[in-house]
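S.K.: Chains as they are written, first to last, in full-length UniProt numbering: chain A, 1 to 178; chain B, 1 to 178.
Backbone N, C-alpha and C fix where the C-beta goes; we use that ideal spot for every residue, glycine too.
Bear in mind the structure is a predicted one, so any value in this text is a computation, not a measurement.
Have a look at this one:
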């Protein structure tokens, strides 16, 4: 219990009614009664890495990402330090609406990859909820350098969360096969 | 044997006399007879993660890096996807002169951290040797997005190795605790 107590301390400054409570160590009620298309939904948060890969593929399809071999996706999830899912439940089924994962050396550095919120749930602050939880989890693990690579259209989103570009002239660089 | 044969295929375009040969699977003769301060030394390469932490600390001291708790350094190495050392031998002792390590999801993405060459051995192309081996190893593992964060003074070094900054406006971003 103590882990989650620490983890969720001061967890959110959102305007919605929030209600962080333990269902079990995997599924946490994060946002109570988020309004979406006239419906009120409870949004849950999970760090369980037992993810339905087809649900994840569907989520990635919804934002137009290029499909990747599921075997490689599974390998990537299995070797990520942290995977976070946002979902709501209907008829006892989990509906995946958000995802992020993190690689790390478990000590100093972490890099966040594959941050995605389903288009129907964008613009409701869930991206911030997701990222706040990622950062809290990494800080709980005493990891102090948190990095990511942001597409131009989301640089300002991450800036608002406290991420900075090119600190002291440090540049993110990429190498791709020719 | 096949792994190393693939790994070292076309391994170097250096001007030095190179002689890649197997001593065992951990210590590979990489550069034969590198001239250093009037001495000729054989430079070895290792991906063994059983690193003497005091030797590594000494190497990091030599380039003026802030000291880090050895326990956290060990944790970081243990959870790195790849650690690479460059060293020469004298009196059966390994002398660590280069180091790099990589975090990865073992599938799509990798991030290179802590690249260091001892000042006495800088300007001899060993940084390129080290990075070439890092890239070859990652490509062998079919990892296609290789990233790093470069201090301003080494951006051009990495550019010469084929790394690019801000491709399509993608920005490397950082979050640090306040």
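So with Cβ pairs under 8 Å, would you call residue 83(A) a contact of chain B?
M.R.: False, the Cβ-Cβ gap to chain B never drops below 8 Å.
S.K.: Please determine, among 135(B), 168(B) and 152(B), the residue with the shortest C-alpha to C-alpha distance to residue 167(A).
M.R.: Among 135(B), 168(B) and 152(B), the Cα nearest to that of residue 167(A) is on 152(B).
S.K.: Taking 8 Å as the CB-CB cut-off, is residue 176(B) touching chain A?
M.R.: With 8 Å as the cut-off, residue 176(B) counts as an interface residue toward chain A.
S.K.: Check whether the Cβ atoms of residue 150(B) and residue 108(A) lie closer than 8 Å to each other.
M.R.: No, Cβ-Cβ distance for residue 150(B) and residue 108(A) is not below 8 Å.
S.K.: Which residues of chain B have a Cβ atom closer than 9 Å to the Cβ of residue 139(A), listed in chain order?
M.R.: Result: 177.
S.K.: List the residues of chain B that residue 130(A) touches, going by C-beta distances under 8 Å, in chain order.
M.R.: Near residue 130(A) there are no residues of chain B at all, since even the closest Cβ is about 14 Å away, more than 8 Å.
S.K.: Using only CA atoms, which one of 52(A), 90(A), 130(A) and 106(A) lies nearest to residue 39(A)?
M.R.: Comparing Cα-Cα distances from residue 39(A) to each of 52(A), 90(A), 130(A) and 106(A), the minimum goes to 90(A).
S.K.: Does any residue of chain B bring its CB to less than 8 Å from the CB of residue 156(A)?
M.R.: No, no contact with chain B.
S.K.: Have a look at residue 126(B) and residue 154(A) and give me their C-alpha separation to the nearest angstrom.
M.R.: So the two alpha carbons sit approximately 38 Å from each other.
S.K.: What are the boundary residues of the beta strand (DSSP E) that residue 101(A) is part of?
M.R.: Run containing residue 101(A): 93-104, per the beta strand (DSSP E) assignment.
S.K.: What residue from 88(B), 130(B) and 119(B) has the CA that sits closest to residue 101(B)'s CA?
M.R.: Residue 130(B) is the option with its Cα nearest to residue 101(B).
S.K.: Cβ of residue 148(B) less than 8 Å from any chain A Cβ?
M.R.: Closer than 8 Å to some Cβ of chain A, the Cβ of residue 148(B) qualifies, so yes.
S.K.: If you draw a straight line from the alpha carbon of residue 94(B) to that of residue 88(B), how long is it in whole angstroms?
M.R.: So the alpha carbons of these two residues sit roughly 6 Å apart.
S.K.: Terminal residues of the continuous beta strand (DSSP E) containing residue 172(A)?
M.R.: Counting along the chain, the beta strand (DSSP E) containing residue 172(A) begins and ends at 171-175.
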